[in-house]
Amino acid sequence: DRLHEMTQNKVFKERLSPHWFAGGDRFWYCNDLSGGRREFIVVDAAAGKRLKAFDHSRMAKALTALTGKKTQADRLPIEALEFQDGDSHLLIYNTTQAWECDLRTYTLRPFEGPIPGLGTLSPEARPHRSGRTGPETMVTFLNETDEEALLYWIDTDGNRKEYGVVPPHGRRTQHTFSGHVWLLTDRAGKTLGVFEATDDPGTAVVDGKAAPETVHRSAPVSRDNGEPSPDGKMTAFVRDQNIWLRRGPGEETALTKDGIEGNSYHGPLLWSPDSRRLAALKTEAGEDHKIYFVESSPPDQVQPKLHSLEYLKPGDKIAITKPHLFDAVAGKEIPVDDALFSNPWGIGDLQWSPDSSRLMFLYNQRGHQVLRIVGVNAETGEARAIIDETSKTFIDYAGKYFSEYLPATDEIVWMSERDGWNHLYLYDAKSGRVKNQITRGEWVVRGVDRVDPEKRQIWFRAGGIHPDQDPYYIHYCRISFDGSDLVKLTDANSSHAISYSPDRRFFVDTYSRVDLPPIHELRRTEDGRRICGLETADASGLLATGWKPPERFVTKGRDGKTDIYGVILKPTHFDQATRYPVIENIYAGPQDSYVPKAWSSRYGMQDIAELGFIVVQIDGMGTSNRSKAFHNVCWKNLGDAGFPDRILWIRAAAVTRPYMNLSRVGIYGGSAGGQNALRGLLAHGDFYHTGLADCGCHDNRMDKIWWNELWMGWPVGPEYAEQSNVTNAHLLKGKLLLMVGEMDNNVDPASTMQVVNALVKANKDFEMLIQPGVAHGSAETPYGSRRRQEFFVRVLGSQDA
């Protein structure tokens with residue numbers, strides 16, 4: 004409670020959201036200041052000038068006169084603005100009203116209609132879930148009907164979250180994120196409009212008219228509607244597990260006859276550009292594997308409910324999907340030898356070359372040691388590997404896959420760790436030859452933001468590209484296809500997040516560290532040069548409370564050469580003369596790295612530190628975003644979890660920090676971190692004295708198929724059992740609290756119960772908390788969080804005087 008009070012509303016100018024005006028040279032943003040005050044700023048990017056958007060005092064007087072309500076200059080009821088007629092008029096608006104202001108006289112009048120400069124969003128035919136969470140943006144809803152419209156956000160699971168009302172013939176401006184879907188209904192529940200937010204602010208007009216009947220990408224496609232050929236002469240569709248062709252009214256013929264239930268044809272149905280050939284997929288069903296949950300205390304009835312979930316596990320028989328090629332004109336299949344794609348985990352990215360000579364697709368082999376782009380000759384059906392990526396360990400297709408086909412030049416930009424670091428390569432798609440390596444060096448590409456085929460440039464994020472900085476800091480770069488003209492757009496010794504202008508000539512760079520509040524600058528994308536400073540976050544109020552930021556610490560890992568990075572958090576009442584127990588917050592999932600790099604005034608683990616502990620978080624070997632060798636440590640070896648590096652790191656930190664009491668060390672984590680936390684007690688019980696494991700995937704044979712086969716390999720080998728917390732439960736030392744939610748649909752809760760069974764058989768003492776009705780992450784619920792705090796206070800004690 005004390006920490007919440009200390010950190011609440013203590014940092015200002017922390018975030019900056021630029022809103023670019025039409026034309027691309029100017030933008031506005033709003034500064035949130037202390038005491039609920041605000042100010043509006045306009046920046047002329049070309050001139051490098053930052054000014055107040057208008058006279059706030061005169062605007063307040065004008066609003067007071069117009070509305071009859073006292074308005075303060077630093078608390079204007081404005082959410083957005085737009086200049087009109089050059090700079091002589093300003094359109095201002097909030098969630099319910101809009102006004103036009105003559106800046107020569109500061110006279111106001113109500114404004115009706117769509118806001119100029121805000122694109123009108125196209126209505127969609129039916130509600131659907133939000134597919135992604137992109138950049139921050141805004142949607143202004145205009146209700147042109149005679150009845151009020153109820154506003155809902157549809158979350159990523161398809162659930163509706165109510166957000167209020169748009170009055171009849173009224174407006175509401177809603178902060179949101181690109182990709183979020185908004186539904187408006189009348190009081191009876193009838194749909195009035197469905198809109199998906201875009202990167203740029205937009206206007207959504209609700210006029211009571213039905214949207215055009217279109218098929219959304221996540222909606223099921225009617226089988227008989229089919230896919231028309233480019234020349235419009237034929238339509239391919241699926242009926243009764245087979246592919247059919249329609250050449251005209253009543254002219255329907257079966258193109259295939261071998262499709263049956265459990266081994267059927269399906270889309271996408273992909274026509275060649277010349278309309279002669281058709282590609283489709285055929286899938287042989289895998290096995291069903293259900294897991295079951297008993298909801299002990301359902302809210303709508305007294306008796307328990309039984310739930311089931313389709314949930315494949317490592318080693319299960321999976322569905323086998325393969326592409327098939329057809330000569331649609333002749334009405335026959337073109338046989339394709341599947342030797343290059345005989346054991347697929349998945350087939351994807353089907354596409355034709357522009358000249359219709361070649362079908363291409365991505366083949367991800369089960370076991371994830373082969374990732375291949377296969378090209379099929381459209382005339383003969385001959386298949387050959389265009390790109391053939393192999394690894395002796397794993398290919399991280401889930402986190403480091405990037406491929407973009409460039410049809411105009413018949414090239415492919417491809418991501419690979421083949422030289423030991425995650426980099427980009429340029430392929431000749433016709434010959435399969437590597438034309439050149441695009442990026443290179445002892446640093447990694449963290450993601451591709453844009454490929455520009457016309458300028459032959461790639462815009463990307465990098466880690467470790469500044470060798471004197473923390474390799475996990477994100478930097479933004481641009482490079483030419485041939486590997487020349489590398490431009491590092493960001494350079495400050497921090498982690499960066501940037502926002503481009505619509506024409507990408509400028510960008511706002513926000514950078515910070517855990518110990519450096521955010522700094523916002525305007526820069527030029529041509530060379531990354533700084534144009535002007537915008538804002539520096541004001542954390543003086545937070546620091547005045549005694550709050551201290553996390554401390555960064557780096558030392559060598561198990562090999563004596565590799566730097567291992569982490570952070571140290573202290574209680575706000577820290578006393579240098581006191582010895583504090585140490586608790587590690589662990590998550591060693593190989594899919595990412597986890598030590599915070601950017602500023603925050605409230606890290607979750609600070610709650611535990613505040614109770615009288617030193618809390619640390621570390622990225623050991625086996626996690627991602629470093630070299631391939633660093634990552635490979637996890638291969639068939641999730642039990643390692645980087646512990647040799649973590650223990651060395653904690654001991655090295657304690658050498659110069661006598662307040663770290665290593666005679667009392669705890670560890671906690673959830674999901675993969677729950678697996679890691681218990682593993683720490685089982686394999687390193689001489690160092691970790693107590694642990695809390697929440698919803699852990701304690702045996703990798705019990706957890707979801709994709710995550711575990713990616714890191715532990717396929718077929719299921721002896722490593723699965725050797726590193727299982729169930730197998731090793733008899734080795735438990737120290738005090739343990741197991742937590743799990745009975746409705747966990749991410750990690751099978753039986754994984755925790757099997758650990759319990761093994762501990763009971765081994766006559767080991769432990770504590771357990773099962774939360775009824777709770778899904779994955781039970782320790783993050785208010786009750787679970789309190790019990791976690793109470794557990795460590797009770798078993799590790801408070802600090803020593």
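Sequential numbering from 4 applies to the sequence shown in this note's numbering.
Beta carbons are placed, not taken as given, at the ideal position from N, Cα and C, and that holds for glycine.
- Restricting attention to beta strand (DSSP E) runs no shorter than 3 residues, the segment 131-218 encloses them at 139-146, 152-157, 163-169, 174-180, 184-188, 194-199, 205-209, ordered along the chain.
- Excluding the 5 residues flanking it on each side, T194 has same chain C-beta neighbours closer than 8 Å at R129, P130, L186, L187, T188, in chain order.
- A778 and D341 have their C-alpha atoms spaced approximately 42 Å apart.
- DSSP places D648 in the uninterrupted alpha helix (DSSP H) bounded by 646-658.
- No residue range can be given for L79, since it is assigned to no alpha helix (DSSP H) and is classified by DSSP as neither H nor E.
- Rounded to whole angstroms, the Cβ separation of G683 and G694 is 6 Å, and the two are in contact under 8 Å.
- Per the Cβ contact rule, the segment 308-320 is in contact with the segment 708-725 (3 or more Cβ pairs under 8 Å).
- In the displayed model, M756 falls within a helix according to three-state DSSP.
- Counting along the chain, no alpha helix (DSSP H) covers H469, and no H or E run does either.
- With contacts defined as CB atoms closer than 9 Å, A331 and R279 qualify as a contacting pair.
- Contact annotation: R582 and Y475 have beta-carbon atoms that are not nearer than 9 Å.
- M418 and V448 do touch by the CB rule: their CB atoms are close to 7 Å apart, below 8 Å.
- Minimum Cα-Cα distance from A644 among the listed residues Q609, L36, D595 corresponds to D595.
- Boundaries for N496: no beta strand (DSSP E) harbours it, and the DSSP string shows neither H nor E there.
- Here L54 is exposed. Its C-beta has fewer than 16 other C-beta atoms within 10 Å.
- Counting only runs of 3+ residues, the beta strand (DSSP E) found wholly inside the segment 349-398 occupies 361-368, 373-380, 386-393, in chain order.
- Between the C-alpha atoms of D391 and S781 there is a straight-line separation of about 43 Å.
- For P584, the enclosing beta strand (DSSP E) stretches over residues 583-588.
- For the pair E103 and E538, the Cα-to-Cα distance works out to about 28 Å.
- Counting every other CB atom within 10 Å of its CB across the protein chains shown gives S487 a total below 16, marking it as exposed.
- Around the beta carbon of P233, fewer than 16 other beta carbons lie within 10 angstroms, which makes this residue exposed.
- In the structure shown, S125 falls within a coil segment according to DSSP collapsed to helix, strand and coil.
- Contact between the segment 256-266 and the segment 296-310 is absent, with fewer than three C-beta pairs closer than 8 Å.
- In this structure R132 is in contact with G161, their Cβ atoms being roughly 4 Å apart against a cut-off of 8 Å.
- V763 carries a helical assignment under DSSP once its states are collapsed to helix, strand and coil.
- Put simply, the segment 494-508 does not touch the segment 538-550. Fewer than three CB pairs are less than 8 Å apart.
- Rounded to the nearest whole angstrom, the C-alpha separation of P204 and L145 is 14 Å.
- Rounded to the nearest angstrom, the gap between the Cα atoms of Q620 and E199 is 38 Å.
- From the listed residues E150, P170, R107, the smallest Cα separation to Q100 is found for P170.
- Within the same chain, Cβ atoms closer than 7 Å to the Cβ of V454 are found at E407, V416, I461, the five residues on either side in sequence being excluded.
- Beta-carbon to beta-carbon, P521 and E17 are separated by about 6 Å, close enough to satisfy the 8 Å threshold.
- Using a Cβ distance threshold of 9 Å, D610 and R555 do not count as a contacting pair.
- A direct Cα-to-Cα measurement between S627 and P21 gives close to 32 Å.
- Judged by beta-carbon spacing, K285 lies beyond the 9 Å limit of E313, meaning their Cβ atoms are not closer than that value.
- By the Cβ rule, the segment 528-535 does not count as touching the segment 23-42, because fewer than three pairs are nearer than 8 Å.
- Between the beta-carbon of T528 and that of R508 there is about 6 Å, and that keeps the pair under the 8 Å contact cut.
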